[in-house]
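Counted the way the numbering used here counts, the sequence shown spans residues 10 to 499.
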Amino acid sequence: MSTTEKQASPVLIPALAVTVMVVALLQTVVIPVLADIGKALNASSSAVGWTVTANLLAAAVLTPILGRLGDVRGRRPVLLGILLVVAAGSLLAALTTSLPLLILARILQGASFGLFPLAIGVLRDELPAQRLTGAMAVVSGTLGIGGGIGLVLTGLLTRDGGDYHRIFWLSLAVTLVSLVLAAVTVPKHGPVGGGKIDWLGGGVLGAGLVLLLLPLSQGHEWGWASPATIGCLVASVIVFALWIVLERRVDEPLVLPSLLANRPFMVTNAAGLLIGVAMFVSFLGVSGFVQAPSEVGYGFSASVLAASSVYLLPGALAGVVVAPIGGRLVHRFGGRFTLILASLVGAVGFAFIAVLHTASWQLILGVLFINSAVSLGYAAMPALIVDEVRPDQTGVANSVNSIARSVGSSLASAVVITLLSSQLLPIGLPKESSYVIAFVIGAVGLTLSAVIVAVGLPRPGSRVDTRTALEIEQERATSLAAEWSTVTGR
Numbered sequence: 010m011s012t013t014e015k016q017a018s019p020v021l022i023p024a025l026a027v028t029v030m031v032v033a034l035l036q037t038v039v040i041p042v043l044a045d046i047g048k049a050l051n052a053s054s055s056a057v058g059w060t061v062t063a064n065l066l067a068a069a070v071l072t073p074i075l076g077r078l079g080d081v082r083g084r085r086p087v088l089l090g091i092l093l094v095v096a097a098g099s100l101l102a103a104l105t106t107s108l109p110l111l112i113l114a115r116i117l118q119g120a121s122f123g124l125f126p127l128a129i130g131v132l133r134d135e136l137p138a139q140r141l142t143g144a145m146a147v148v149s150g151t152l153g154i155g156g157g158i159g160l161v162l163t164g165l166l167t168r169d170g171g172d173y174h175r176i177f178w179l180s181l182a183v184t185l186v187s188l189v190l191a192a193v194t195v196p197k198h199g200p201v202g203g204g205k206i207d208w209l210g211g212g213v214l215g216a217g218l219v220l221l222l223l224p225l226s227q228g229h230e231w232g233w234a235s236p237a238t239i240g241c242l243v244a245s246v247i248v249f250a251l252w253i254v255l256e257r258r259v260d261e262p263l264v265l266p267s268l269l270a271n272r273p274f275m276v277t278n279a280a281g282l283l284i285g286v287a288m289f290v291s292f293l294g295v296s297g298f299v300q301a302p303s304e305v306g307y308g309f310s311a312s313v314l315a316a317s318s319v320y321l322l323p324g325a326l327a328g329v330v331v332a333p334i335g336g337r338l339v340h341r342f343g344g345r346f347t348l349i350l351a352s353l354v355g356a357v358g359f360a361f362i363a364v365l366h367t368a369s370w371q372l373i374l375g376v377l378f379i380n381s382a383v384s385l386g387y388a389a390m391p392a393l394i395v396d397e398v399r400p401d402q403t404g405v406a407n408s409v410n411s412i413a414r415s416v417g418s419s420l421a422s423a424v425v426i427t428l429l430s431s432q433l434l435p436i437g438l439p440k441e442s443s444y445v446i447a448f449v450i451g452a453v454g455l456t457l458s459a460v461i462v463a464v465g466l467p468r469p470g471s472r473v474d475t476r477t478a479l480e481i482e483q484e485r486a487t488s489l490a491a492e493w494s495t496v497t498g499r
């Protein structure tokens with residue numbers, strides 16, 4: 010379908026934005042109620058922590074496969090299938106009083122991470138070029154507000170001892186609304202490019218990600234120098250190396266080897282990892298800091314509800330306002346400029362709260378800067394990735410970026426938890442200096458992001474096409490095949 014023929018539903022973008030919001034909501038709603046789940050199910054904190062770990066591991070394994078499945082089989086059926094699986098997981102979580110079944114439910118919910126790359130793929134398929142950048146920015150921005158809204162709703166639903174099952178009924182309701190919206194608005198088209206799915210490559214990549222993320226999420230329990238932690242990390246390096254070798258030897262790899270050697274693509278994903286670090290350092294650091302009793306010399310004695318609604322929600326709303334602005338910046342100045350700006354704005358926000366954190370307005374202002382930066386970064390990255398890949402690789406390429414951000418979030422969680430548990434006051438609470446170090450880490454990480462983007466991404470108009478004649482002809486043939494498939498429906 011040519012650009013001039015594309016006539017998307019006017020509600021397609023809002024529908025996909027709501028669908029993507031499910032990802033962020035499911036990622037955050039369970040965190041504030043982990044202690045309540047442990048009490049209700051008579052389980053230890055380490056056992057209950059698997060409701061988060063299992064969700065993350067499932068996402069790591071499933072996201073690249075689901076992204077590629079959408080590229081090959083068609084985005085609509087895969088997107089609707091994911092929402093059905095997530096709805097089943099939410100229903101199971103809402104009904105069960107068994108920890109193993111709750112963990113299974115969270116594994117099913119982990120499929121939700123595949124929604125974002127599929128949504129970006131749908132936008133690329135359905136929108137003309139002049140609308141694509143802004144639409145991707147709006148949809149990406151909902152990743153930020155989804156987490157903030159999820160935290161506020163969790164606080165409202167569980168205040169005064171409310172049953173934690175309510176948050177899973179909420180998850181089910183939001184998922185079903187998204188399912189209806191997607192079914193009505195996402196057009197029925199054939200596959201973008203056809204082809205096969207590299208199941209072996211997906212399995213090996215998933216194994217490598219599990220071996221990487223498992224010690225990051227469990228290292229504080231196992232010990233960072235324990236044989237289990239070190240063994241998993243070493244094994245992950247070996248498995249990733251094996252995966253690269255395998256991808257170079259198959260006819261239709263999960264991720265094209267040329268992408269792994271594509272500097273702009275890899276730099277964008279490195280920035281995505283660092284932005285993922287920043288987002289979770291902000292979430293964990295600020296929420297923990299403001300909930301600390303003021304009697305210890307810092308903190309504001311905030312409840313879970315106040316921490317989310319007073320300190321975190323304004324930043325999430327700022328992210329929504331900034332998202333379309335990010336789209337305009339990308340359209341006007343390019344993704345490189347916008348991603349550098351995002352990183353620097355976030356670094357300023359972290360530096361500000363590292364130095365000034367004695368008044369509530371200081372934390373709120375710092376979070377406004379940080380969340381605006383995350384929203385700008387989310388607006389820029391899909392545009393940069395889309396510029397580097399063929400239409401039939403859009404889903405899997407954005408899946409790689411989603412994984413990079415998930416790895417960053419896991420790394421941030423590991424670092425912050427280790428920091429806050431390593432230096433304690435006599436009453437068992439973290440020292441103020443631990444939070445300051447966490448905020449400094451956020452500032453340094455985003456500064457590093459700005460540097461690698463400035464150095465690693467070419468300036469607009471400076472790129473030279475380095476593809477061989479054979480590669481150009483192969484891409485042209487794939488594009489023609491995709492158009493023929495769209496016309497004939499085969």
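Yeah, the Cβ is synthetic: ideal placement off N, Cα and C, and Gly gets one too.
The model shown is predicted, which means the values in this text are computed figures rather than measured ones.
Sub-9 Å separation of residue i and residue j beta-carbons
i      : j      : result
Ile176 : Leu166 : yes
Val148 : Phe289 : no
Ala332 : Thr151 : yes
Val87  : Gly79  : yes
Gly417 : Ala287 : yes
Ala191 : Arg82  : no
Thr347 : Ile129 : no
Gly512 : Ile334 : Residue 512 cannot be examined here, being either before or after the span of the chain that is shown, 10 to 499.
Ala67  : Ile116 : yes
Gln118 : Gly90  : no
Ile154 : Ala325 : yes
Leu321 : Val376 : yes
Gly465 : Arg272 : yes
Ser180 : Leu65  : no
Leu124 : Val264 : no
Gly76  : Val405 : yes
Ser419 : Leu160 : no
Val39  : Val61  : yes
Val95  : Thr184 : yes
Ala26  : Thr194 : no
Residues bridged to residue i [DSSP beta-bridge criterion]
i      : result
Pro439 : Leu433
Residue i classed as buried or exposed, judged by whether at least 16 other C-beta atoms fall within 10 angstroms
i      : result
Glu256 : buried
Leu34  : buried
Ser352 : buried
Val57  : buried
Leu260 : Just to set this straight, residue 260 is Asp in the shown sequence, not Leu. So Asp260 ends up on the exposed side.
Val20  : exposed
Val29  : buried
Trp233 : exposed
Asp207 : buried
Glu135 : buried
Gly454 : buried
Leu108 : buried
Ala423 : buried
Asp401 : buried
Trp370 : exposed
Leu433 : exposed
Arg414 : buried
Ser317 : buried
Gly240 : exposed
Other residues of its chain near residue i: CB distance less than 7 Å, five sequence neighbours each side excluded
i      : result
Trp252 : Gly210, Val213, Leu214, Gly217
Ile461 : Val276, Ala279, Ala280
Ile22  : Ala144, Val147, Val148
Ala392 : Thr142, Met145, Val339, Gly344
Residues near residue i by beta carbon distance below 6 Å, same chain, minus five either side
i      : result
Val449 : Ala363
Pro469 : Gly343
Ala459 : Ile349, Ser352, Leu353
Phe292 : none
Ser55  : Glu230
Val329 : Gly150, Ile154
Gly285 : Arg414, Gly417, Ser418
Contacting residues, own chain, Cβ-Cβ under 8 Å from residue i (five flanking each side not counted)
i      : result
Ala478 : Since pLDDT at Ala478 reaches only 46, below the 50 mark, its modelled position is unreliable, and no value is offered.
Val473 : Note that Val473 scores a pLDDT of 49, beneath 50, so its modelled location is shaky and nothing firm can be said.
Ser443 : Leu428, Leu429, Ser431, Gln432
Quiz prompt | Three-pair Cβ contact test at 8 Å for the segment 262-281 versus the segment 395-415 | solution = yes
Exercise. Examine the Cβ distances between the segment 434-442 and the segment 298-313 and report whether three or more of them are shorter than 8 Å.
Key: yes
Quiz item: Between the segment 131-150 and the segment 377-389, are three or more C-beta pairs nearer than 8 Å?
Solution: yes
Quiz item: Between the segment 159-174 and the segment 335-342, do at least 3 Cβ pairs fall closer than 8 Å?
Solution: no
Exercise. Would you check if there are 3 or more beta carbon pairs closer than 8 Å linking the segment 98-114 to the segment 237-250?
Key: no
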